[in-house]
Amino acid sequence: MAQPTHFIDFADGTPARAARKATLDAERYYDQQVMKQEWETIWTKSWLLAGLASDIAEPGDYFLFSIGHESIIISRDNAGQVQAMYNACQHRGNRVIATEQGSVPAFTCPYHGWTYDLDGTLQTVPDEERFEPRIDCDAYSLKHVKVEVWAGVVWVNMDLEAAPLADFLGIVQDHLTPYRIENMVLILDQTLEIDANWKTAVDNFNEQYHVDFIHPQHASMVNCRDSVNELWPYGHRRTIVEGFVTNPRYGEPEEAPPILDMMARQIGLNPDDFKGRVGDIRKAAQVQKRKLGEELGYSYDEFPDDLVSDVVQYDLFPNIIATIHPEYLWIMRPRPHPTDPNKCFFDKMTLQIHMDVGHDAESGLSLIGDVSQQVALQGARPEHDVFDREAVITGQKSMTITIDQDVHYLPDMQAGMMSAGFQQAVLNEDESRIQHFHDWWDVWMNDAPFERAQAKEAAE
Ligand code: FES
Ligand SMILES: [Fe+2]
């Protein structure tokens, strides 16, 4: 039986089901013209996850968000407001900021010294009197994009007319609120440069059909056979995968396999108590995690039982893949390359709840699992680690074994799709999230759905 799939409309009436059923033609993954159109209709029209608010905690803090050929400065100004501006000097266009992240009193363009306030207002122009007519500082401020901060995350939209983020995310905001992402700690910040289109990467994370073949370890900890898929407006999706279980496709083992054994022990369950009834571990884990949480200072009160044990992945249009548990979060974000549709930058930000409330150093019992990274950082931000597939294949770098396994295949997918021997993909029902993503991708490419919704709202 195929995985259950549900279409869920937004409360404002925006329908989840796209009007068309996309053909996954190979060209959409490598064609230059397609890439150009994506820029016009998706990247410059959609809300995009730019980064974490914790990186701009204080006035003067900034980071750069690079997307395609654009670089956007995200800063906190002296009034404490978050600003988002194109990183392009209004004198002759030079990038005002070259370093990815930092803290400055003002933004000074290194080329001729034009200086902008933290909110982008032009402040000083060297040899100002030599400009005829005189420079009107207001008119030459850095150009802004829309910005919102929600759940400890900075979101931007290059469309100044865009409706609020809440309209775009809809019910997804309600889903994510209990996770208190804003209280989580960033422990790894990684970027992989990979020879694959950004959608090739998104597709990979939108089905579990490949799991038995390239992630054999999953059969010992999650039930990827019977996941439930939910599909929302604008192309957002999620999948819910039972955790603390073995995959029923292979029958229930007599004893917990090593990975499940370790997961159970970590939270203080004794796997030996479950000999002959391994299937009961999931329910026991739900109870035990709540109990351990109470002891450590972490509350699961806002989560129903299944979300305490299971894995949920939110796929936010266009390019966010967020695997979330109450205790930790992976934000994966394939960003398009500035010029080459056959390349992307695959970011992975790893966040955890603070070890003070998720881990007992004395007993070793832990809701988080591995805290070594958090211990090593001692409260500091991790460095942004940028590497290529070779570094992953040779074992110098890892994004966790599962992602490493995926990464291994992405360039081969990309290369195969460019072959004269391949025209279009064919999907099974368990690949419904891929279909939904591409159905909405088609709508974004042709019909400006978010703008259409706003126009409708304005007319009412
Ligand atoms: S280009 Fe920035 S000051 Fe000239
Ligand atoms: Fe995978």
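In this note's numbering, the protein residues as written are 406 to 865.
Heads up, the beta-carbon is just placed ideally off N, CA and C, and yes, glycines get one too.
Please read all numbers here as calculations on a predicted model, not as lab measurements.
- For residue 446, same chain residues with a beta-carbon under 6 Å away, outside a window of 5 residues either side, are 849, 850 in chain order.
- Remark: the C-beta of residue 514 is in contact range of ligand 1, defined as less than 7 Å to any heavy atom.
- Ligand 1 has a heavy atom closer than 7 Å to the beta-carbon of residue 494.
- For ligand 2, no non-hydrogen atom lies closer than 7 Å to the CB of residue 726.
- In this structure the segment 610-626 does not touch the segment 692-710; the number of beta carbon pairs closer than 8 Å is below three.
- Using a cutoff of 7 Å, the CB of residue 615 counts as near ligand 2, since one of the ligand's heavy atoms is closer than that.
- 756 is the residue among 756, 407, 409, 503 whose C-alpha sits nearest the C-alpha of residue 590.
- Distance from the C-beta of residue 517 to the nearest heavy atom of ligand 1 is below 7 Å.
- Taking 8 Å as the cut-off, the Cβ atoms of residue 601 and residue 815 count as close.
- Inclusion of residue 497 in the 7 Å shell around ligand 1 follows from its C-beta lying nearer than that to a non-hydrogen atom of the ligand.
- With respect to the 8 Å criterion, residue 642 and residue 720 are classified as neighbours on the basis of their beta carbons.
- Between residue 570 and residue 555, the CB-CB gap stays under 8 Å.
- In the assembly as shown, residue 474 is an exposed residue. Its beta-carbon has fewer than 16 other beta-carbons within 10 Å.
- For the pair residue 558 and residue 489, the CB atoms are not nearer than the 8 Å cut-off.
- Assignment of residue 645 by DSSP, reduced to helix, strand and coil, places it in the strand class.
- Counting only residues of its own chain and dropping the five nearest sequence neighbours on each side, residue 819 has a CB closer than 8 Å to the CB of 434, 435, 600, 601, 602, 605, 747.
- DSSP places residue 602 in the coil class of the three-state scheme, outside both helix and strand.
- With respect to the 8 Å criterion, residue 485 and residue 470 are not classified as neighbours on the basis of their beta carbons.
- In this structure, the beta-carbon distance from residue 482 to residue 508 does not fall below 8 Å.
- Scanning its chain for C-beta atoms nearer than 6 Å, with the 5 sequence neighbours on each side dropped, one finds around residue 662 the residues 625, in chain order.
- Under DSSP, residue 736 takes part in a beta bridge, and its partners are 727, 754.
- In this structure the segment 577-586 lies against the segment 718-734, because at least three pairs of beta carbons, one per stretch, are closer than 8 Å.
- Put simply, the segment 437-452 does not touch the segment 520-540. Fewer than three CB pairs are less than 8 Å apart.
- Taken in chain order, the unbroken stretches of alpha helix (DSSP H) that lie wholly in the segment 741-826 and span 4 residues or more are 760-763, 777-782, 794-798, 806-822.
- Take the alpha-carbon of residue 839 and the one of residue 608: they are about 6 Å apart.
- Shown here, residue 629 sits in a strand according to DSSP, grouped into three states.
- Pairing residue 829 with residue 429 gives a Cβ-Cβ distance under 8 Å.
- Within a 10 Å sphere around the beta-carbon of residue 780 sit fewer than 16 other beta-carbons, which makes this residue exposed.
- Counting only residues of its own chain and dropping the five nearest sequence neighbours on each side, residue 614 has a CB closer than 8 Å to the CB of 833, 835, 836.
- Residue environment: residue 516 is assigned as exposed (fewer than 16 neighbouring CB atoms within 10 Å of its CB, all protein chains considered).
- Taken atom to atom, the span from the alpha-carbon of residue 762 to that of residue 444 is near 43 Å.
- Between residue 683 and residue 657, the C-beta spacing is below 8 Å.
- Taking the C-beta atoms as reference points, residue 545 is found nearer than 8 Å to residue 495.
- For residue 811, the shortest separation between its Cβ and any heavy atom of ligand 2 lies below 7 Å.
- In this structure, ligand 2 has a non-hydrogen atom nearer than 7 Å to the beta-carbon of residue 620.
- When C-alpha distances from residue 773 are compared across 413, 632, 670, the shortest belongs to 670.
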